[in-house]
Each structure stands twice: as structure tokens, then as C-alpha cells.
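Below is one structure; the comments refer to it alone.
Protein chains in written order, with my numbering: chain B, 1 to 256; chain L, 1001 to 1014.
Structure (C-alpha cells):
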């Protein structure tokens, strides 16, 4: 059986907000390592990989690996019934056809209990090879969200160019063009806002902005984001959390 | 605009 108690229930609410528009149904794979999820979006252009490690829960108990098939829109609706400061406990039996959720307020005088029906999901699991990327950009997650949103005004896609000087996001469309360049600035006072670049080789890649904007729904989960790129392989956008991560992979747009 | 490629062409099915 699974029993996982999350002191900061708001984290789970934010995680659901970060994935529910990209994916409809997914298996939460529970093991002694924690709770993981891997799923492609409906058009098979993007892949989401989520890990909530066991040490992020107190207590965490999972005797036997379990795949909990969940409709993410339904789960997100149930989670809206939890207060932001509530402690959330997830429970499921080994033969479970429901996921039990308990929300306790901080005064411990209001306890709400919900049960969400589970479903059988026959999802494809993809093997993601360890990749050494040609360019890794670490930057403020809020800045990344702003750039994607701003450039969406101009075009459906963005060209990302990374050199040792900086990273340039450019978009061209019917109404004109625009570009935002962030210079590498590791010495700034505010570490959280620094743009850091690890570069083996310059890269120039095109991606759909619609997906990138969708990925930025994870912004409330982390102040930093990393963009890992190599020519003609999927972009990895990673938001690291205290005990886990959310990774989005996006296939590039490849030249005509 | 350049065509969008499926993510499945980059990762193998387990």
C-alpha cells in the first residue's frame, strides 16, 4: 500500500497546475523511491517526467510498486478543495481502485477526506538516455516565463541561440520580429537572477512557443530553470524542487 | 515554419 504525507500540500497543487494542461491521464508510479510520472502530451511532441522523492514526504510508505492511473483534471479539481497550507496525505491499497486524499488544516481542527476513482492507463514508457548537452543555460524561471509569453505575441516558434556571451531568444512573424538576449552574468548580486551558461558548442534551435509557454506553468515550483540543448535532439527544460524535479522534453522543429 | 517532429522519434519505448 501507499501512504504519503506531504507537509506542504501546496506543492502538489502546483505540480498539478504544471502538468494538467499538457497531459490528460497518467500513471503515478509509486515505489520506495517516491512518486514518479512520465507521460507524453496528446500530440506526442512533448514529454513530462516528474519525480517527487520519498524524502519529500513524512512519512512515506510504499511496500510494493503501484501504478495509480489518474485523470489529472479530476485530481486537480479535488486538490482545489485543499487549502494552501493544508497537509495532504495520499493513500492507496495494493488492489486500489481509488486514491484517498486527506487534507488537514494547520490547526488540525478541519479534516476533509476525498476519494478519487482510478483508471487503467496503458501508457507507453519511453527510455530517456543520459545525454551530455552542447549547451546548458541556467536562468531565472520568471524571466524564462516572461520571454516565452512576450515572444508568443510575434510567432508560434522561437529560435534559441546560445553562445558563450549569452542566450538569444528570437521570434519572427507576420507583424514583425523580436528578440531578447540575456548576457551571461554570473557575478550579479542576486544569484537567483543570474544567467549561467555551460557551453561545449554554440547551438541554434527552433521550438514551438505554445509548448514552452505551457512548461512555464511550473514557474511557481522553482525560482530557477535550466534549458539543456544539443543540435537536433529534444530540449530539456528542468525545474528542480527540494525533493524532486519536473522535466519537460520538447522535440525541436527541424529545418525545411 | 519548420515542421514539428514527434518526441517518440528520439526516445525508445521501454
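C-beta atoms are modelled at their ideal positions from N, C-alpha and C, and glycine is treated no differently.
| Query | Result |
| --- | --- |
| Mind pulling the alpha helix (DSSP H) runs of 4 or more residues that sit fully within the stretch 13-99 of chain B? | 72-79 |
| Pull out every residue of the stretch 21-44 of chain B whose Cβ sits closer than 9 Å to any Cβ of chain L, in chain order. | 40, 41, 43 and 44 |
| Distance, Cα to Cα, residue 91 of chain B vs residue 1013 of chain L? | 30 Å |
| Would you tell me roughly how many angstroms separate the C-alpha atoms of residue 258 of chain B and residue 243 of chain B, rounded to the nearest one? | Because chain B spans 1 through 256 in this model, residue 258 of chain B falls outside it and cannot be assessed. |
| Are residue 20 of chain B and residue 79 of chain B touching if we call contact CB-CB under 7 Å? | no |
| Any idea what DSSP makes of residue 116 of chain B, helix, strand or coil? | strand |
| Name the residue from B/254, B/9 and B/194 whose alpha carbon lies nearest to the alpha carbon of residue 137 of chain B. | B/194 |
| Considering only their Cβ atoms, is the gap separating residue 4 of chain B from residue 57 of chain B smaller than 7 Å? | yes |
| Give the residues from the stretch 201-226 of chain B that approach chain L closer than 8 Å (Cβ to any Cβ), ordered along the chain. | 206 and 208 |
| Mark residue 202 of chain B as exposed unless 16 or more other C-beta atoms lie within 10 angstroms of its C-beta, in which case mark it buried. | exposed |
| State buried or exposed for residue 200 of chain B, treating a residue as buried only when at least 16 other CB atoms are found within 10 Å of its CB. | exposed |
| Cβ closer than 7 Å: which chain L residues qualify as neighbours of residue 234 of chain B? | 1007 and 1010 |
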